[in-house]
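Basically our numbering = 1-based index in the sequence shown + 59. Notes to accompany the following structure.
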Amino acid sequence: MYRKVFISHASEDTDDAEFIYELLKSNHYEPWLDFKALKVGMQWDYEIEEALRESDFVIIILSKVATNKRGYIQREIKRMDRYSEEKLSDDIYILPILIDDCEVPKNLSKYHYMKTIQTDFNKNLIDSLNFQREKYLASVDKHDILLEDCVKKSDGYKLKINTPYDCHIDYYLCRDNTFFDANYSNSFIEREIYDLIDTFRNDEKKYGLNLSPQMEHAYIEIGNSIIIHSPEILSVSTGISEYSGGAHPNHYLSHKHFALNPERTLRFEDFIRYDHLTKWLTDKVNKYAKEDQDFLLDYVDSIDEDNIDFHWDDEYFTINFMSVTPHVLTAVSYLEIPKSELDLKINI
């Protein structure tokens with residue numbers, strides 16, 4: 060939300076346009092650049108007009124070549140003016156960028172401009188966009204939170220150890236935003252990821268796994284997903300999938316839930332009314348376990364308020380037994396309970 064940036068440039072200034080394009084992308088903006096976006100056969104004038112109409116910001120790259128092109132600046136500004144009229148007078152919308160010592164055209168002189176040769180140009184450009192974006196977001200109802208505004212993919216992680224495993228560690232973090240304290244949630248998210256990495260590193264050292272025919276297809280994948288249920292609740296699912304030979308890979312999945320504003324972790328008792336957890340679980344297994352899940356009764360005593368793992372969707376509230384059952388039973392180590400059958404403390 061509020062990340063779309065239209066880049067206007069003369070054809071002679073494509074290198075500078077591409078530099079700004081990459082700068083914006085690396086800072087999670089969505090730049091539109093003609094030679095990046097237009098495909099053979101597209102109606103270029105229509106596509107440009109649509110991209111400009113949908114953009115939240117417009118960057119116009121100015122150079123001696125561009126400003127000396129007959130009618131170029133006037134034509135571009137005429138396009139932009141139609142949409143700038145919809146903005147408030149103190150909104151940042153048109154951002155002139157000078158790539159050489161050209162004169163600023165009179166009809167752009169009312170806008171503060173930046174030069175690419177300025178110290179901290181990259182930071183100042185992104186700061187300007189972020190400043191206006193925060194203004195836009197401040198007026199957004201919290202119920203209109205979009206996942207893309209609050210969640211970003213991390214840079215991943217390299218194990219930095221010699222291992223026969225094909226390793227993939229990719230996970231998501233909360234992006235700085237105006238809706239909740241991302242740093243608070245991220246401290247827990249990264250701890251979960253690094254605990255899994257640490258366990259794997261220690262297993263490698265402990266067992267001294269070496270490449271063998273059985274390890275030819277060995278892999279380990281660590282990652283997570285983030286769900287924003289509402290302005291009040293966020294959930295994180297963290298998992299590991301590992302194969303080191305044998306009939307089946309091993310999987311493990313855990314969930315952590317957060318209240319927002321103010322941030323805190325949520326426990327099972329925050330969601331469900333019950334008197335005694337073991338008795339409650341026993342009753343629910345007896346009532347809702349499928350034919351191949353009778354074994355869950357053997358593990359009810361292993362679950363308490365500190366280790367119970369759970370998640371939910373529109374229809375079911377699911378108890379995850381994965382942490383207390385053997386790996387061979389992982390695929391059926393869960394209990395789905397219809398939400399309509401629960402005495403819920405909060406609306407989920």
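Each residue gets a CB set at the ideal place from its N, CA and C atoms; glycine is no exception.
- Straight-line measurement puts the Cα of K404 at about 24 Å from the Cα of D240.
- Cα atoms of D160 and H171: separation of roughly 15 Å, rounded to the nearest angstrom.
- Its chain contains L97 as the residues whose beta carbon lies nearer than 6 Å to that of W103, once the 5 sequence neighbours on both sides are disregarded; these appear in chain order.
- Boundaries of the beta strand (DSSP E) harbouring F317: N309 to A318, taken from the DSSP string.
- Residue pairing for R234: DSSP places it in no beta bridge.
- DSSP places F376 in the uninterrupted beta strand (DSSP E) bounded by Y375 to N379.
- Membership of S392 in any beta strand (DSSP E) is not indicated, and neither H nor E is assigned to it by DSSP.
- In this structure, DSSP gives R326 a state outside helix and strand, which the three-state scheme calls coil.
- Counting along the chain, the unbroken beta strand (DSSP E) around N283 starts and ends at Y278 to I287.
- Scanning the segment 336-375 for uninterrupted beta strand (DSSP E) segments of 3 residues or longer gives 368-371, listed from N- to C-terminal end.
- The alpha-carbon separation between T377 and K398 amounts to approximately 9 Å.
- For S168, no beta strand (DSSP E) segment is defined, and its DSSP state is neither H nor E.
- In the three-state scheme derived from DSSP, where H, G and I count as helix and E and B as strand, Y80 is classed as helix.
- Taking C-beta separations shorter than 8 Å and ignoring five residues to either side along the sequence, the partners of I79 in its chain run I66, P90, I118, I120, I156 and L184, following chain order.
- The continuous alpha helix (DSSP H) containing C209 extends over residues L206 to C209.
- Remark: C-beta atoms of Y231 and N283 approach each other more closely than 7 Å.
- The three-state reading of DSSP puts F116 in strand, counting E and B together.
- Contact check for K219 against R234 fails: the beta carbons are separated by 7 Å or more.
- For D357, the closest of D365, E350, H227 and V344 by C-alpha to C-alpha distance is V344.
- If you look at S294, you'll find it in the beta strand (DSSP E) that goes I292 to Y302.
- Cβ neighbours of L355 within its own chain (closer than 7 Å, five residues either side excluded): V344, A348, F380 and L394.
- Beta-bridge annotation (DSSP): L403 is paired with I331.
- D159 carries a coil assignment under DSSP once its states are collapsed to helix, strand and coil.
- Counting along the chain, no beta strand (DSSP E) covers S198, and no H or E run does either.
- Between D225 and F247, the alpha-carbon positions lie close to 26 Å from each other.
- M173 has its alpha-carbon roughly 10 Å from the corresponding atom of D179.
- For L293 against S244, the beta-carbon gap comes to about 6 Å, under 8 Å, which counts as contact.
- A Cβ-Cβ contact shorter than 7 Å links I279 with E301.
- The DSSP-derived three-state label of E89 is strand.
- Residue range K63 to S67 is occupied by the beta strand (DSSP E) that includes K63.
- Distance from the CA atom of E77 to the CA atom of R138, rounded to whole angstroms, is 21 Å.
- Separation of Y375 and I299 (C-alpha to C-alpha, rounded to the nearest whole angstrom) is 23 Å.
- Assigned with DSSP and collapsed to three states, I153 falls in strand.
- With contacts defined as CB atoms closer than 7 Å, P223 and A277 qualify as a contacting pair.
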